[in-house]
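K.L.:
Residue numbers (the working numbering), protein chains in the order written: chain A, 1 to 136; chain B, 1001 to 1136; chain C, 2001 to 2082; chain D, 3001 to 3082.
Okay, here's the structure, questions in a sec.
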């Protein structure tokens, strides 16, 4: 299941959705807003998405992961809007029979999301702001 | 934090304990009881531990992970006793600044637990039972 | 025939132009590469961005793809989700 | 001097012997390897286990480690946690 949302991510609900009686391994990755980046103090992050395409690109990644690994269930949830320190920006959950598949698929999904999905993050520091990756 | 317990694993509490304002990534691995193994139908698992040594061996693994990766917080929780399909037998959680460390440390911890920690699992099938790994 | 295409702007491209979409005149048989050239002429500040891709109807497009006025076009500056 | 050491048994070793600990007579300067030999003589069914390690005072022990009656000794069949 793929979700792009302005609401806080409900980890318990995500876990519930991953359950499968055949699952022996579940890997859950959380991308969290931390209080600093490159030694600059972060006040908040502002996420913006090209919604329609962000969802279809995340679906492509999930489809590719399903081809490469024996996935029983997965969930991808990405936040948009203003996020404060400690909030979860992205949750990837993968349930598989065996643990290697869960770890590898989960990592593939988050790594690829960061490369191809049209979502943009502005870091708002205590002393300025910048769109991440935008500048040479 | 390291826990060996007969009580169900509380994932929300584990997540709470992993929080850190410096954390940008949290990886959580769950080992779950699945309904079959090698095509045999599983009724339940029975876990037994040499408690004192299981805890000290898990602590050694955590210490080694802390040396190898920049870990902000970790939690390792292992169940003992009778576990039914869908129950969580083990939870590993690692919080780091960057995601590669979280994935690698989490996987190292679960892989090494399976090699060195004196915990034993009996698979009780619908038609028999066996101690896992015990026989040649 | 004079026509134009509307281009959606996000992130730094929205900030730099001050607009969330811009209308760009479209010559017949214009390609994605032509659109990028026109946008750079119209908004020289776009040159400060590390890379710019174009999506057409929600899919990444090559520079030789031909545009039509009914396409949903978007400028995609470097993504930074996750 | 006649003495003995108590050996904790877990998992398949407990099932095979029907006991959760056994007392093994200990000669002076007896080593972990000697204990394993005695246990195998006393409980031939242990031979069916893929491997057996010994822990002394909660640490994996080499076969040449010398045992004393006050040691906490445990047989460690192949682990299968996780």
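All C-beta atoms, glycine included, are put in the ideal place defined by N, C-alpha and C.
Small disclaimer: the values here were computed from a predicted structure and weren't measured.
So, with DSSP's three-state summary, where would you put residue 3027 of chain D?
P.N.:
Three-state DSSP puts residue 3027 of chain D in coil, outside helix and strand.
K.L.:
Nearest to residue 2026 of chain C by CA position, among C/2019, C/2044, C/2014 and C/2006, is which residue?
P.N.:
C/2006
K.L.:
For residue 1081 of chain B, which residues in the same chain have their Cβ closer than 8 Å to its Cβ, ignoring the five residues on either side in sequence?
P.N.:
1006, 1046 and 1047
K.L.:
Does chain D have any CB closer than 8 Å to the CB of residue 1056 of chain B?
P.N.:
yes
K.L.:
Contact criterion: CB-CB distance below 8 Å. Does residue 40 of chain A meet it with respect to chain C?
P.N.:
no
K.L.:
Which value, in whole angstroms, describes the spacing of the CA atoms of residue 3082 of chain D and residue 1036 of chain B?
P.N.:
Each residue's alpha carbon lies about 16 Å from the other.
K.L.:
Who does residue 36 of chain A pair with in a DSSP beta bridge?
P.N.:
A/41
K.L.:
Report the residue ranges of all beta strand (DSSP E) runs contained in full by the stretch 13 to 101 of chain A; include only those spanning at least 3 residues, in chain order.
P.N.:
25 to 32, 40 to 49, 71 to 79, 81 to 84 and 88 to 96
K.L.:
Beta carbon of residue 2009 of chain C, beta carbon of residue 2020 of chain C: below 8 Å?
P.N.:
With contacts defined by Cβ atoms closer than 8 Å, residue 2009 of chain C and residue 2020 of chain C form a contacting pair.
K.L.:
So what does DSSP say about residue 1116 of chain B, is it helix, strand or coil?
P.N.:
helix
K.L.:
Below 7 Å, is the gap between the Cβ of residue 54 of chain A and the nearest heavy atom of the ligand NAD?
P.N.:
In the structure shown, the ligand NAD is absent, as is every other ligand, since no ligand is present at all.
K.L.:
So for residue 2067 of chain C, helix, strand or coil by DSSP?
P.N.:
DSSP places residue 2067 of chain C in coil when its eight states are reduced to three.
K.L.:
Measure the CB-CB distance between residue 88 of chain A and residue 32 of chain A and report whether it falls below 8 Å.
P.N.:
yes
K.L.:
Does residue 993 of chain B come out as helix, strand or coil in the three-state DSSP assignment?
P.N.:
Since the first and last residues shown for chain B are 1001 and 1136, residue 993 of chain B lies out of range.
K.L.:
Assign residue 3046 of chain D to one of three DSSP states: helix, strand, or coil.
P.N.:
helix
K.L.:
Straight-line CA distance for residue 2046 of chain C to residue 2071 of chain C?
P.N.:
22 Å
K.L.:
Would you tell me roughly how many angstroms separate the C-alpha atoms of residue 1119 of chain B and residue 115 of chain A, rounded to the nearest one?
P.N.:
41 Å
K.L.:
So which residues of chain B does residue 3061 of chain D contact, with C-beta pairs closer than 8 Å?
P.N.:
Residues of chain B with a Cβ closer than 8 Å to the Cβ of residue 3061 of chain D do not exist; the shortest Cβ-Cβ separation is about 11 Å.
K.L.:
Going by the DSSP bridge assignment, what does residue 2079 of chain C pair with across the sheet?
P.N.:
BP columns for residue 2079 of chain C are empty, so no partner.
K.L.:
Could you work out which residues of chain D lie near residue 1074 of chain B, taking near to mean beta carbons separated by less than 7 Å?
P.N.:
Chain D residues near residue 1074 of chain B: none, gap ~16 Å exceeds 7 Å.
K.L.:
Mind checking whether residue 26 of chain A and residue 128 of chain A have CB atoms under 8 Å apart?
P.N.:
no
K.L.:
Are the C-beta of residue 3079 of chain D and some C-beta of chain B separated by less than 8 Å?
P.N.:
yes
K.L.:
Using CA atoms only, rank isn't needed, just tell me which of D/3014, D/3017, D/3029 and D/3054 is closest to residue 3069 of chain D.
P.N.:
D/3029
K.L.:
Quick one, which residues of the stretch 19 to 39 of chain A are near chain B if we go by CB-CB under 9 Å, in chain order?
P.N.:
19, 20, 21, 22, 23, 24, 25, 26, 27, 28, 29, 30, 31, 32, 33, 34, 35, 36 and 37
K.L.:
With a Cβ-Cβ cutoff of 8 Å, do residue 1051 of chain B and residue 1004 of chain B count as a contact?
P.N.:
yes
K.L.:
Counting along the chain, where does the alpha helix (DSSP H) carrying residue 2 of chain A start and finish?
P.N.:
Looking at the DSSP string, residue 2 of chain A is not in any alpha helix (DSSP H); the run it does join, the beta strand (DSSP E), is 2 to 5.
K.L.:
Secondary structure at residue 3053 of chain D, three-state DSSP: helix, strand or coil?
P.N.:
strand
K.L.:
Strictly below 7 Å CB to CB, what residues from chain B border residue 11 of chain A?
P.N.:
1015
K.L.:
Hey, how far is the Cα of residue 138 of chain A from the Cα of residue 1095 of chain B?
P.N.:
It is not possible to answer for residue 138 of chain A, since the shown part of chain A is limited to 1 through 136.
K.L.:
Would you say residue 52 of chain A lies against chain C (beta-carbon separation less than 8 Å)?
P.N.:
yes
K.L.:
Who are the neighbours of residue 2008 of chain C on chain A, taking C-beta pairs under 9 Å?
P.N.:
Those are 50, listed as they occur along chain A.
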